[in-house]
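Trainee: Under the working numbering, the very last position in the sequence shown is 1166; numbers go up by exactly one each time.
Think of the CB as a built atom: it goes at the ideal place given N, C-alpha and C, for glycine as much as any other residue.
Treat the numbers as computed from the prediction; the structure is a model and nothing was measured.
This is the structure I have questions about; it appears just below.
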Amino acid sequence: MQLSNFIRRVIFSTAFISTFLVFSISIIFQYINFENDKIHIREEFTQLKKDQIKREVLSVYNLIEQKEELLIKSEKEKLKERVGQANNLAMAIYNENKNTKSEDEIKLLIAKAINNINYETDKTYFFINSNKGQAIIFNKKIELDSYKDVWNLKDENNNLMVQSQSKIALENKEGFLINTFVKPDSKDTKQYSKISFVELFEPYDWHIGMGEYLDDIRAHAQDELLDFISTVRFSGDNYIFVNTVDSEILVFDGKRIVIPSTHPSKNLFHQQLVAAQNPDGGFFSYKFKKINTIKEFDKLSFVKKYEKYNWIVGCGVYLDEVENELIRKEAIFKETIIQQLIYMLIMFILISIGLYLTSRKISQFIDININYLISSFEKASKENKKIDTKNLTYKEFISLANDLNISLENKNETEKKLQDHIHIINENVIISSTNKEGLILDVSEAFCEISGYSKEELIGKSHKIVRHPDTSNKFYQEMWEKLLSGNIWKGEIRNKNKKGVDYWVYAIIKPIFENEEFIGFTAIRTNITNKKYIEHLSITDELTQLYNRRFFNSKIIEEINRAKRENNHFSFLIMDIDYFKQYNDTYGHQQGDLALEKVANILKERTNRASDFAFRLGGEEFGIITALDKIKVVEFANLIKNEIENLQIEHKASKISKYLTISIGIVSKENKDIPSSDELYKQADDCLYEAKNLGRNSIFIL
């Protein structure tokens, strides 16, 4: 065999194999990039749609809230104006007749005048009671002759309605209150939620009031809202839907349902209900038809519950758009691969012809080009530099180099996207990595920003650098026990930054293993400081910074269940400042507030155990829940009582001491004897009554 033929055959074979390999690598790279792009496009599209539907739902949710706030505000203004007009009318009748008619005649004239006032636009009506409990106008009837005693009248929540009205009139001259009451013109006996305004009528020690039922004033506003919501559209066929928590549909399939009916899909409604349990709203996926079609498509929805109306507001988006886009890109990719295969075949034919025409010279040139191409490709793969095609002789190799350059550009673009994502995560996600001893190895910029420390200050330190001093050692011991057992720890952590400012994070901490050997931890955190601040405001009394009555109502049930479950004692102390009304009358409400704050500070200082909770239950009434037994809780109560008297807050109006004092009622039970929370509160209130009967500044325990 001639050497030239051998060279041609070797070059031919080499060229063919090289070309095949290069194109194969190029196709593989493009395929990998394409698959990665598919994943990215799908994730990016889904997240984009999530943000979009959440934004649409929150926009409607905020509209509902604004409508409700304006509704209540305008209703209050209306009630206040009408009661003021009625009071002025009553005063005018009184002044006109006080020197010529008897008191009974004037009272009757006032009652008739006010009772005859009607408003065609709504169902409001006036009521009048004396501040000692006599009904003057009750349920639209004048009761002057019957002397109807309504002093102890209660609503369905056991609120003393007339006493509350009188208290507002006597202490504040006027004010609003919310209670439940039957509708006078209704045949049923059901009580409805009602907002009222009362104003003191001084000549006869009466209070004149007017109320309106919340369900009546909300009905029209809700109809307007639902009519508007049913017209909302975004991104083509997407719409807002509204259901009640009782499975009734109000806006469905983009249409207003005038007569609500049961949701047609129990499973779909159950998904909505579960997602709506999250206070911030939730996402869920399902299949559903588009408007004016019967074919079902994959759909992603977001819902949020509006508590006051018991509505579930949501909207969804169809996900078939991303699949259509991916199919289009896949077709383009296949067409590109076919074109590249055609180019490879053409190149092979040209190389074959060239081999026969140029023999050794071509063999040499091919060898030179191959060597250059290999070296350039190696350099390009290591240094991400393009292949310089000026040094290549043949078109086929130049084309091959260009294809490789395209692949390299795609690779560089992918790496840039990856670096951009890493940069975004670094700036926005609070991340830290530690070794197995807990020393920080790396942190994100977001970690530095929230903690106030630089990377240099954090690396090599433990997370104790941001640990909050009020967080117990037991909390961290339980965290470490779980992590060292190989489990992921999730929870909320209170930290302190470099400037000493508190911040809260929700953390997910995961142990890291390499070759089945534990080497450290990675933690991802979310800043929840604003969420925790809002939670604190919702359960805290603004004046005293003790827990408020709302939090007490839930906490007492929780602690009763804990005591029963853990076989602990349960003690409840209810306390009342002695002669506090007289204190306010003597020193003024500003000094009264200061006294309440000082008393609250004593309670805060003395309830520092994990099982102790102090509350302001209302006015000058406070409460404490503790796990102390009967003997210790009496010692505890005496300590508080003495410390409050030792504050030496001057109280000239007190009949028992020259200083401010308190009376305390206590109920202490073993776990098996603990009654319901309502019964427990009643028993404690009775004990407080007995403590006052003992002469005040006393303690009575059951």
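Mind checking S949: buried by the 16 CB within 10 Å criterion, or exposed?
Mentor: In the sequence shown, the residue the question calls residue 949 occupies position 485. Exposed, by the Cβ-count rule.
Trainee: Where DSSP assigns a beta bridge to V662, which residues make up the other side?
Mentor: Residue numbering aside, residue 662 sits at position 198 when the sequence shown is read from its first letter. Note: V662 sits in a beta bridge opposite G639 and G673.
Trainee: Can you have a look at Q598 and say buried or exposed, based on whether 16 or more other CB atoms are within 10 angstroms of its CB?
Mentor: Start at 1 with the first residue of the sequence shown, and residue 598 comes out as number 134. With 16 or more other Cβ atoms within 10 Å, it is buried.
Trainee: In the DSSP assignment, what are the bridge partners of E954?
Mentor: Residue numbering aside, residue 954 sits at position 490 when the sequence shown is read from its first letter. Before going on, a small fix: residue 954 reads as Lys here, not Glu. Note: K954 sits in a beta bridge opposite I972.
Trainee: Taking L1152 and D1040 to be in contact with their CB atoms under 8 angstroms, please state how far apart those CB atoms are, rounded to whole angstroms.
Mentor: Numbered from 1 along the sequence shown, position 688 holds the residue referred to as residue 1152. Numbered from 1 along the sequence shown, position 576 holds the residue referred to as residue 1040. Indeed, because the Cβ distance is near 6 angstroms, the residues count as touching under 8 angstroms.
Trainee: Given H504, which residues of its chain have a CB within under 8 angstroms of its CB, disregarding the five upstream and five downstream residues?
Mentor: To locate residue 504, count along the sequence shown from 1; it is residue 40. Excluding residues within five positions, the ones whose Cβ falls inside 8 angstroms are K881.
Trainee: If you compare alpha carbons, which of K946, K925, A971 and F1086 is closest to Y448?
Mentor: Nothing can be reported for residue 448, as the shown portion of the chain is limited to 465 through 1166.
Trainee: If I1183 sits next to L1081, beta carbons under 8 angstroms apart, how far is it from one beta carbon to the other, in whole angstroms?
Mentor: Past the boundaries of the shown model lies residue 1183; the chain is included only from 465 to 1166, so the question cannot be answered.
Trainee: Does the segment 1097-1109 come close enough to the segment 1142-1156 to have 3 or more Cβ pairs within less than 8 angstroms?
Mentor: In short, these stretches do not touch, since the Cβ pair count stays below three.
Trainee: Is the beta carbon of I801 closer than 8 angstroms to that of I491?
Mentor: By 1-based counting over the sequence shown, the position of residue 491 is 27. By 1-based counting over the sequence shown, the position of residue 801 is 337. Result yes, Cβ atoms of I491 and I801 sit closer than 8 angstroms.
Trainee: From this set, S1035, I929 and L790, which residue's C-alpha is nearest G964's C-alpha?
Mentor: Counting from one through the sequence shown, the residue named residue 964 turns up at place 500. Taking only the C-alpha atoms, the option nearest G964 is I929.
Trainee: Beta-carbon within less than 8 angstroms of I1021's beta-carbon, same chain only, minus the 5 sequence neighbours each way: which residues are those?
Mentor: The residue given as residue 1021 occupies position 557 in the sequence shown. Excluding sequence neighbours, I1021 sits near S1141.
Trainee: Could you tell me which residues DSSP pairs with E712 in its beta bridges?
Mentor: In the sequence shown, residue 712 corresponds to position 248, counting from 1. Looking at the DSSP assignment, E712 forms a beta bridge with T726.
Trainee: Which residues does DSSP list as the beta-bridge partners of G1082?
Mentor: For the purposes of this step, residue 1082 is identified with residue 618 of the sequence shown, where counting begins at 1. Looking at the DSSP assignment, G1082 forms a beta bridge with E1085.
Trainee: Residues in the same chain with beta-carbon distance under 7 angstroms from Q466, minus the five sequence neighbours each way, listed in chain order, please.
Mentor: Taking the first residue of the sequence shown as position 1, residue 466 is located at position 2. Note on Q466: pLDDT 46, under 50, position unreliable in the model; the coordinate value appears next. Nothing listed; no residue qualifies.
Trainee: Is the beta carbon of I1120 sitting closer than 8 angstroms to the one on K1019?
Mentor: Position 656 of the sequence shown, counting from 1, holds the residue named residue 1120. Position 555 of the sequence shown, counting from 1, holds the residue named residue 1019. Contact: no.
Trainee: Please report how far the alpha carbon of T1071 lies from the alpha carbon of T986, in whole angstroms.
Mentor: Against the sequence shown, residue 1071 aligns to sequence position 607. Against the sequence shown, residue 986 aligns to sequence position 522. Each residue's Cα considered, the two are about 37 angstroms apart.
Trainee: Once you ignore the five residues that flank T853 on each side, which residues in its own chain have a CB closer than 7 angstroms to its CB?
Mentor: The count along the sequence shown starts at 1 and reaches residue 853 at position 389. Result list for T853: I862, A865 and N866, in chain order.
Trainee: For S897, which residues in the same chain have their Cβ closer than 6 angstroms to its Cβ, ignoring the five residues on either side in sequence?
Mentor: To locate residue 897, count along the sequence shown from 1; it is residue 433. Around S897: L905, D906 and T986.
Trainee: Residue ranges of each alpha helix (DSSP H) run of no fewer than 4 residues wholly in the segment 901-943, ordered along the chain?
Mentor: Qualifying alpha helix (DSSP H) stretches, in chain order: 909-915 and 919-922.
Trainee: So what's R989 in DSSP terms, helix, strand or just coil?
Mentor: Residue mapping note: residue 989 aligns to position 525 of the sequence shown, counting from 1. Reduced to three states, the DSSP call for R989 is strand.
Trainee: Compare the C-alpha of K1136 against each of A1064, R1160, F1034 and Q1055 and name the closest.
Mentor: Within the sequence shown, residue 1136 is the residue found at index 672, counting from 1. Closest option to K1136, Cα to Cα, is F1034.
Trainee: How do the segment 667-683 and the segment 575-595 stand: do at least 3 beta-carbon pairs fall below 8 angstroms, yes or no?
Mentor: Contact between the segment 667-683 and the segment 575-595 is present, because at least three Cβ pairs lie under 8 angstroms.
Trainee: Taking the beta strand (DSSP E) that L1037 falls in, what are its first and last residues?
Mentor: On the sequence shown, position 573 is the one that residue 1037 refers to. Counting along the chain, the beta strand (DSSP E) containing L1037 begins and ends at F1034 to I1041.
Trainee: Evaluate G924 with the Cβ neighbour count: other Cβ atoms within 10 Å of its Cβ, from every protein chain shown; 16 or more gives buried, anything less gives exposed.
Mentor: Residue 924 sits at position 460 when you count from the first residue of the sequence shown. So G924 ends up on the exposed side.
Trainee: Can you name the start and end residues of the alpha helix (DSSP H) that Q1055 belongs to?
Mentor: Working through the sequence shown from its first residue, we reach residue 1055 at position 591. Per DSSP, Q1055 belongs to the alpha helix (DSSP H) from H1053 to R1070.
Trainee: Flag this pair as yes or no: are the beta carbons of I1138 and K1105 separated by less than 8 angstroms?
Mentor: Looking up residue 1138 in the sequence shown gives position 674. Looking up residue 1105 in the sequence shown gives position 641. No, the Cβ-Cβ distance between I1138 and K1105 is not below 8 angstroms.
Trainee: Should L805 be labelled buried (16 or more other beta-carbon atoms within 10 Å of its own) or exposed?
Mentor: By one-based count along the sequence shown, residue 805 stands at place 341. It counts as exposed.
Trainee: Please report the distance separating the alpha-carbon of N1025 from that of N1032.
Mentor: Indexing the sequence shown from 1 puts residue 1025 at position 561. Indexing the sequence shown from 1 puts residue 1032 at position 568. Rounded to whole angstroms, N1025 to N1032 spans 10 angstroms at the Cα level.
Trainee: Classify R682 as buried or exposed, calling it buried when 16 or more other Cβ atoms lie within 10 Å of its own Cβ.
Mentor: Taking the first residue of the sequence shown as 1, we reach residue 682 at position 218. When all chains shown are included, R682 counts as buried.
Trainee: State the DSSP-derived secondary structure class of V524, mapped to helix, strand or coil.
Mentor: Along the sequence shown, one-based indexing puts residue 524 at 60. If DSSP states are grouped into helix, strand and coil, V524 belongs with the helices.
Trainee: Counting along the chain, where does the beta strand (DSSP E) carrying K1019 start and finish?
Mentor: Locating residue 1019 in the sequence shown gives position 555, counting from the first residue. That residue, K1019, is in no beta strand (DSSP E); its alpha helix (DSSP H) goes R1013 to E1030.
Trainee: Which residue marks the beginning of the alpha helix (DSSP H) containing S1141, and which one marks its end?
Mentor: As a working note, residue 1141 is residue 677 in the sequence shown. Start and end: S1141 to N1157.
Trainee: Rounded to whole angstroms, what's the CA-CA distance from N961 to S915? Just pull it up for me.
Mentor: Here residue 961 corresponds to residue number 497 of the sequence shown, with the count starting at 1. Here residue 915 corresponds to residue number 451 of the sequence shown, with the count starting at 1. In a straight line, the C-alpha of N961 is about 4 angstroms away from that of S915.
Trainee: Kindly provide the ranges of any alpha helix (DSSP H) runs that are 4 or more residues long and lie completely inside the segment 725-790, ordered along the chain.
Mentor: List check, alpha helix (DSSP H) in window: 730-740.
Trainee: Report the three-state DSSP secondary structure of Q466 (helix, strand or coil).
Mentor: By one-based count along the sequence shown, residue 466 stands at place 2. Summary for Q466: the model assigns pLDDT 46, below 50, so the residue's position carries little reliability, and this model does not support an answer.
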